[in-house]
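Novice:
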Ligand code: PA5
């Protein structure tokens, strides 16, 4: 790697304290020239999207997350007003919560329980962890982001005796997601058991008229904040979904929005070599041959960014992982994303990255400022812990390069609300541009819907089996007999899996006869 090559592939944007180094992607000489027309077409498609075109054709929806940080961009005054009104409402709610004029039964809110999943949880979790800390947080945040009963118990144990000072924020764009609904029901049960009225401690963030919205109206919850169908779940961190929790925590949400707005401005530039989102998208295109042939490893050398890979995993994989392209052709697209943080991961999977199967490229996130204060030396040469962290980043980058493993580096000055807003906006736009390069709809998620439908069918099957065993009670029946009697032939495996779990949960009253081989055992209800 020559100094000249580095300089030619290093885009530094001084006003944002941001840089992208794409010098370690091994572009062929004519790559940028060969793909310039495609990139220009992607820029034009992005212009149309921002102007309000139906950029999500399957769901016939506009895609408006860029308007959230610059309401004037929204294509009509009604949408502009919806954005600014929601922002005002967030500031007003937060002021009331922080001042104690909106409080729980037992006093000012000191805890926040966020109930949501996917795009309604990952962004809030990432931002809370990146920007929070025990010294500055105005509120302690907890999550129900799954329908795991034990997971919820664990969280409720942490909140024991404190629900009267806990504000629950239930987040669901659709307002009908089972995991979130279940979490809400469990939370409500816990408040009720503690002698508290859930509604007086609850805020809903959801689409107008959704089931959740209707419930919040009926039960007279504290507040309802809107989510709009033109914002996708995974791009909703800078909508009400992410902004309310962040502001309650004490994060400067205007800085988050301004960071995103500033990054939007530079990623709108149509000169490819000056546009970091375009350069990222083209780097992905080159590294994965435009078909996801390599995985994207996200390696931030900063503890505060540990959840960034999880956040990006959803943003990128749910957006790009599509069976068909926009012309209906089967393409099975996507890029697998994983990661954690450096240097920790050097003691885990980086061994394989350097020497094992060559199926990835790395995106390093480099943070220039080590910490708020000064550092002590930790060795005889005067090195600080930050010197080591940086050394490990540079060393890993070199070690990978030596073995022809490609890497990108995104550099920010420090982790703050402005730079986090920038990172969110950068990757949102890179995903949008890359989706255009590979001709797919990045804004729908039919696979997620398919999973939801399949789960509903399983629950229906469970009901049928249960009713049969109730009728036959207490006679034990084999899996095969159940399949036949319930007209569920060819579903023996599912019947076994459903009953075997139920037999391990006493409240179900389902039992299994003793047999060394569980698949040969019989099940009964008593
Ligand atoms: O990004 C998405 O669209 C999904 O991951 C959703 O956020 C997730 O399924 C939760 O949906 P909802 O907010 O409607 O409850």
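In this note's numbering, the protein residues as written are 524 to 1049.
Every residue gets a Cβ at the ideal spot worked out from N, C-alpha and C, and that includes glycine.
Given residue 826, which residues of its chain have a CB within under 7 Å of its CB, disregarding the five upstream and five downstream residues?
Specialist: Taken in chain order, the residues that qualify are 864.
Novice: Whose C-beta lies closer than 7 Å to the C-beta of residue 1118 among residues of the same chain, with five residues either side of it excluded?
Specialist: Nothing about residue 1118 can be read from this structure; the chain reaches only from 524 to 1049.
Novice: In terms of alpha-carbon separation, which member of 655, 614, 850 and 1044 lies closest to residue 766?
Specialist: Selected option, being the one with the closest Cα: 614.
Novice: Go to residue 712, then tell me how far its alpha helix (DSSP H) extends in each direction, as first and last residue.
Specialist: From DSSP, the alpha helix (DSSP H) with residue 712 extends over 701-716.
Novice: Count the other CB atoms within 10 Å of the CB of residue 920; is the residue buried (16 or more) or exposed (fewer)?
Specialist: Per the 10 Å Cβ criterion, buried.
Novice: Hey, would you say the C-beta of residue 728 is under 6 Å away from at least one heavy atom of the ligand PA5?
Specialist: Checking the Cβ of residue 728 against the ligand PA5 gives no.
Novice: Suppose contacts are defined by Cβ-Cβ distances below 7 Å. Is residue 568 in contact with residue 967 by that definition?
Specialist: Result no, Cβ atoms of residue 568 and residue 967 do not sit closer than 7 Å.
Novice: Quick check on DSSP: helix, strand or coil for residue 544?
Specialist: In the structure shown, residue 544 sits in a strand (DSSP, three-state: E or B).
Novice: Label residue 544 either buried or exposed according to how many other C-beta atoms from any shown protein chain fall within 10 Å of its C-beta, with 16 as the threshold for buried.
Specialist: Classification for residue 544: buried.
Novice: From this set, 1034, 555, 843 and 524, which residue's C-alpha is nearest residue 971's C-alpha?
Specialist: For the residues 1034, 555, 843 and 524, the minimum Cα distance to residue 971 belongs to 843.
Novice: Residue 774: which of 662, 666, 707 and 759 sits nearest, CA to CA?
Specialist: Taking only the C-alpha atoms, the option nearest residue 774 is 662.
Novice: Just how far apart, CA to CA, sit residue 828 and residue 781?
Specialist: C-alpha separation (whole angstroms): 19 Å.
Novice: So is residue 883 buried or exposed if we call it buried at 16+ other beta carbons inside 10 Å?
Specialist: Residue 883 is buried by the Cβ-count criterion.
Novice: Pick helix, strand or coil for residue 762, following the three-state DSSP scheme.
Specialist: Coil, per DSSP.
Novice: Cβ of residue 706 versus every heavy atom of the ligand PA5: is any distance shorter than 6 Å?
Specialist: Answer for residue 706: no, Cβ out of range of the ligand PA5.
Novice: Which residues have a Cβ closer than 6 Å to any heavy atom of the ligand PA5, listed in chain order?
Specialist: Going by the Cβ distance cut-off, the answer is 640, 641, 642, 643, 695, 696, 697, 700, 703, 755, 756, 757, 841, 968 and 971.
Novice: Between the Cα of residue 1048 and the Cα atoms of 821, 956, 1031 and 690, which residue gives the shortest distance?
Specialist: Residue 1031 is the option with its Cα nearest to residue 1048.
Novice: Confirm, please, whether the CB-CB distance from residue 760 to residue 655 is below 7 Å.
Specialist: For residue 655 and residue 760, no; Cβs fall outside 7 Å.
Novice: Please tell me whether, using a cut-off of 6 Å, the distance from the CB of residue 1011 to the nearest non-hydrogen atom of the ligand MN is below it.
Specialist: Of the ligands one can find in the structure shown, namely the ligand PA5, none is the ligand MN.
Novice: Residue range of the beta strand (DSSP E) that residue 818 falls in?
Specialist: Its beta strand (DSSP E) spans residues 818-823.
Novice: Going by CA-CA distance only, name the one from 917, 880 and 735 that's closest to residue 890.
Specialist: Looking at the Cα atoms, 917 is the closest of the given residues.
Novice: Determine, using beta-carbon pairs with one atom in the segment 809-822 and one in the segment 580-598, whether at least three such pairs fall under 8 Å.
Specialist: No contact exists between the segment 809-822 and the segment 580-598.
Novice: Under 8 Å Cβ to Cβ from residue 1043, same chain only, skipping five residues before and after it: list those, please.
Specialist: Here the set comprises 1001.
Novice: Please confirm whether residue 587 and residue 807 have their CB atoms less than 7 Å apart.
Specialist: Cβ distance not < 7 Å, so residue 587 and residue 807 don't count as in contact.
Novice: With C-beta atoms as the reference, is residue 898 less than 7 Å away from residue 904?
Specialist: Their beta carbons are not under 7 Å apart, which means residue 898 does not touch residue 904 by this criterion.
Novice: For residue 526, is the classification buried or exposed, using 16 other Cβ atoms within 10 angstroms of its Cβ as the cut-off for buried?
Specialist: Residue 526 comes out exposed.
Novice: Would DSSP call residue 871 helix, strand or coil?
Specialist: Coil at residue 871, not helix or strand.
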